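Novice: Protein chains in written order, with our numbering: chain Z, 17 to 128; chain D, 231 to 345. Even glycine gets a Cβ: it sits at the ideal position worked out from N, Cα and C. No experiment lies behind these values; they were computed from the predicted model shown.
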Amino acid sequence: SQKIEQNSEALNIQEGKTATLTCNYTNYSPAYLQWYRQDPGRGPVFLLLIRENEKEKRKERLKVTFDTTLKQSLFHITASQPADSATYLCALAHTGRRALTFGSGTRLQVQP
Amino acid sequence: EAQVTQNPRYLITVTGKKLTVTCSQNMNHEYMSWYRQDPGLGLRQIYYSMNVEVTDKGDVPEGYKVSRKEKRNFPLILESPSPNQTSLYFCASSPSGRASNEKLFFGSGTQLSVL
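Following this line, the structure appears as structure tokens:
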């Protein structure tokens, strides 16, 4: 069956360090992969999209990689800040399917 | 301000009492969708709509109805709510419905409790 796996355990890091979150998937052939940020009690907010033929995408302190051989995406936040504390969701769009399927998210806690 | 507006924010009801959660977007988006979010299960799609009068089932449509009479509105209807529909619900929209390469804009959510 199709699966998207994100680490369910919270990631705790010190301010200024790089946070790396993982998204693994099985039985998908995604054309695109997206990352969203979700704060408690709020709706997810889009951060980045990466296409299957892109290895890496950057936006300010954010970097996303996409390895279709490993079936994995890594999401990096460099120079992390307490304001980056949130849950981060990855979402896949399977080719030809009109919906995003979301992982259950990883909670990031950045300690000052 | 471009936004997706859901109401109510919180709702407590009893089993079997019909309810409607409203969703409205002001971005002239063609695609709208409902998700529910449960701990450990992530966001799961309930129904979606590609345009006015065009709706289709998502992954977990049982017990829900939707309608799309106007482009901006996409209400979620629970005809006979049950406790297993207690969840956090999100409405989302995107410009054209090619969700694979478009970002979704989400509402702030509706926390529903069915007693």
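Beta carbons nearer than 7 Å to chain A: which residues of the segment 317 to 343 of chain D have them?
Specialist: In the structure shown, chain A does not exist; the protein chains are Z and D.
Novice: To which residues of the same chain is isoleucine 242/D closer than 6 Å at the C-beta, ignoring the five residues directly before and after it?
Specialist: Ser343
Novice: Give the residues of chain Z in contact with leucine 306/D, contact being defined as C-beta atoms less than 9 Å apart.
Specialist: Those within 9 Å of leucine 306/D in chain Z number zero; the least Cβ separation is about 14 Å.
Novice: Does any residue of chain Z bring its CB to less than 8 Å from the CB of glycine 270/D?
Specialist: yes
Novice: Under DSSP, the beta strand (DSSP E) around valine 344/D begins and ends at which residues?
Specialist: From DSSP, the beta strand (DSSP E) with valine 344/D extends over 340 to 344.
Novice: Using a Cβ distance threshold of 8 Å, determine whether the segment 298 to 307 of chain D contacts the segment 332 to 339 of chain D, with at least three qualifying pairs required.
Specialist: Judged by Cβ distances under 8 Å, the segment 298 to 307 of chain D makes no contact with the segment 332 to 339 of chain D, as fewer than three pairs qualify.
Novice: Quick one: grab the DSSP three-state call for glutamine 54/Z.
Specialist: DSSP places glutamine 54/Z in the strand class (E or B) of the three-state scheme.
Novice: Specify the secondary structure class of asparagine 28/Z as computed by DSSP and reduced to three states.
Specialist: strand
Novice: Which chain D residues sit within Cβ distance under 8 Å of phenylalanine 62/Z?
Specialist: Lys333, Leu334, Phe335
Novice: Please classify serine 101/Z: is it buried, with 16 or more other beta-carbons within 10 angstroms of its beta-carbon, or exposed?
Specialist: The residue in question, serine 101/Z, is buried, as its Cβ has 16 or more Cβ neighbours within 10 Å.
Novice: Could you compute how far the alpha carbon of leucine 124/Z sits from the alpha carbon of valine 244/D?
Specialist: Distance from the CA atom of leucine 124/Z to the CA atom of valine 244/D, rounded to whole angstroms, is 35 Å.
Novice: Going along chain D, which residues have a C-beta under 7 Å from phenylalanine 118/Z?
Specialist: Proximity of chain D to phenylalanine 118/Z at the Cβ level (cut-off 7 Å) is accounted for by Gly272, Leu273, in chain order.
Novice: Express the C-alpha separation of valine 284/D and leucine 273/D in angstroms, rounding to a whole number.
Specialist: 22 Å
Novice: With DSSP collapsed to three states, give me the class of glutamine 315/D.
Specialist: helix
Novice: Specify the secondary structure class of aspartate 100/Z as computed by DSSP and reduced to three states.
Specialist: helix
Novice: Between which two residues does the beta strand (DSSP E) holding glycine 272/D run?
Specialist: 272 to 281
Novice: Output yes if chain D places a C-beta closer than 8 Å to the C-beta of arginine 58/Z; else output no.
Specialist: yes
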